[in-house]
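Structure first, then comments.
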Amino acid sequence: MIEPALGDAILADGIALIRGILPAENILAQQFYPGGGMLVQPEKKPNPYARTPEDHVSKVFLIHRTEHAGNFARDERILSVVEDLLGRDLDFVQSQLIFKNSGAWGQPWHQDAYYFPFDHRPQVGVWLAISEATLQNGCLSVLPGSHKQPIHEHLRESHPDSNYGYLEIRDADFSAATPVLMKPGDVLFFHSFLMHRSEDNRSRSRRAALVYHYTVGGTKQVGDRPNPVIDFFPVRRAAH
Ligand SMILES: O=C(O)CCC(=O)C(=O)O
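To convert a position in the sequence shown, counted from 1, into my numbering, add 1.
Structure representation (structure tokens):
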């Protein structure tokens with residue numbers, strides 16, 4: 002459990018960034034808005050309750066470049082758990098501040114490892130609830146045991162206003178799907194092969210979360226289409 006005020010401070014840093022760079026109109030003109038070394042991705046599905054710029058945002062990538070999120074990337078409470086899973090040499094991989102505003106579609110079934118063209122697997126995902134996450138407002142659902150399966154085919158999602166990068170697995174049995182209900186400050190750690198999705202936000206308020214990924218120290222991207230939101234840096238090294 003992380004103090005909810007820390008999640009609120011991370012969210013406030015993200016909102017300050019967004020207010021500085023998002024245009025007042027025609028927000029869907031660009032897939033991403035760069036600023037401060039980060040990338041803001043607008044939500045494609047309109048939010049009927051939008052009043053502020055951040056009400057139109059899906060995600061801020063590379064949010065660990067802001068103050069509070071940057072400190073949290075090295076938080077001992079997080080690293081001690083990740084170390085138990087991956088060992089004592091750890092690199093940070095990427096970060097996302099997810100807004101999931103009212104009306105937003107959930108992210109469909111996927112495995113994070115699909116998005117990580119790396120020479121070492123698996124990675125560990127860390128999902129911090131900034132707001133409460135409920136079935137109504139778009140909590141995660143996971144498929145227990147699915148981290149033992151290989152990477153499945155990921156297909157383009159069928160919603161007309163699906164967010165950029167949302168791909169879905171269709172060739173798996175999701176009948177054992179389990180929702181993960183969380184309070185602000187709760188943290189979920191998960192294997193990058195674990196199939197998961199998030200529910201649609203059918204509530205009138207935001208469901209905010211921070212997502213980090215960690216990997217074994219020295220992991221590198223492979224292939225000719227490197228992921229632009231990857232930012233490897235060491236967060237822990239074993240004493241030699
Ligand atoms: O929080 C969400 O809405 C989706 C997060 C997720 O599935 C991910 O980051 O891989």
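Glycine included, each C-beta is placed from N, C-alpha and C at the ideal position.
Segment contact, 8 Å Cβ cut-off, at least three pairs: the region 200-209 with the region 127-142
yes
Pull up the distance between the alpha-carbon of aspartate 232 and that of isoleucine 64, whole angstroms please.
Position 231 of the sequence shown holds residue 232. Position 63 of the sequence shown holds residue 64. For aspartate 232 and isoleucine 64, the distance between alpha carbons rounds to 11 Å.
Suppose contacts are defined by Cβ-Cβ distances below 7 Å. Is isoleucine 16 in contact with histidine 57 by that definition?
For the purposes of this step, residue 16 is taken as the residue at position 15 of the sequence shown. For the purposes of this step, residue 57 is taken as the residue at position 56 of the sequence shown. Not closer than 7 Å, so no.
Ligand 3 and serine 199: does any heavy atom of the ligand fall closer than 6 Å to the residue's C-beta?
Here the bound small molecules are ligand 1; ligand 3 is not part of this structure.
Compute the beta-carbon to beta-carbon distance between alanine 173 and glycine 139, rounded to the nearest angstrom, for a pair I have assumed lies under 8 Å.
Counting from 1 along the sequence shown, the entry for residue 173 is found at position 172. Counting from 1 along the sequence shown, the entry for residue 139 is found at position 138. That belief does not hold up - the Cβ atoms of alanine 173 and glycine 139 are roughly 21 Å apart, past 8 Å.
Contact between the region 190-202 and the region 100-117 (3+ Cβ pairs under 8 Å):
yes
Flag proline 56 as yes when its Cβ comes closer than 6 Å to any non-hydrogen atom of ligand 1, and as no otherwise.
The residue labelled residue 56 in the question sits at position 55 within the sequence shown. According to the sequence displayed, residue 56 carries aspartate and not proline. Because no heavy atom of ligand 1 lies under 6 Å away, the Cβ of aspartate 56 does not count as near it: no.
Assuming valine 94 contacts tyrosine 215 under a Cβ cut-off of 8 Å, what Cβ separation, rounded to an integer in Å, is found between them?
Stepping through the sequence shown from its first residue, residue 94 is reached at position 93. Stepping through the sequence shown from its first residue, residue 215 is reached at position 214. Sure, about 6 Å apart at Cβ, within 8 Å.
Since leucine 129 sits in a beta bridge, which residues does DSSP pair it with?
Your numbering for residue 129 matches position 128 in the sequence shown. DSSP, once it has assigned bridges, lists Val188 and Leu211 as partnering leucine 129.
Select from Gly186, Val223, Ser204 and Thr220 the residue whose C-alpha is nearest the C-alpha of valine 6.
Along the sequence shown, read from residue 1 onward, the residue named residue 6 stands at position 5. Rather than valine, the amino acid found at residue 6 in this sequence is alanine. Checked all of Gly186, Val223, Ser204 and Thr220; the closest Cα to alanine 6 is Gly186.
Please return the same chain residues whose Cβ sits closer than 7 Å to the Cβ of aspartate 76, not counting the five positions on each side in sequence.
As a first step, residue 76 is located in the sequence shown; it is residue number 75 there, counting from the start. Result list for aspartate 76: empty, nothing under 7 Å.
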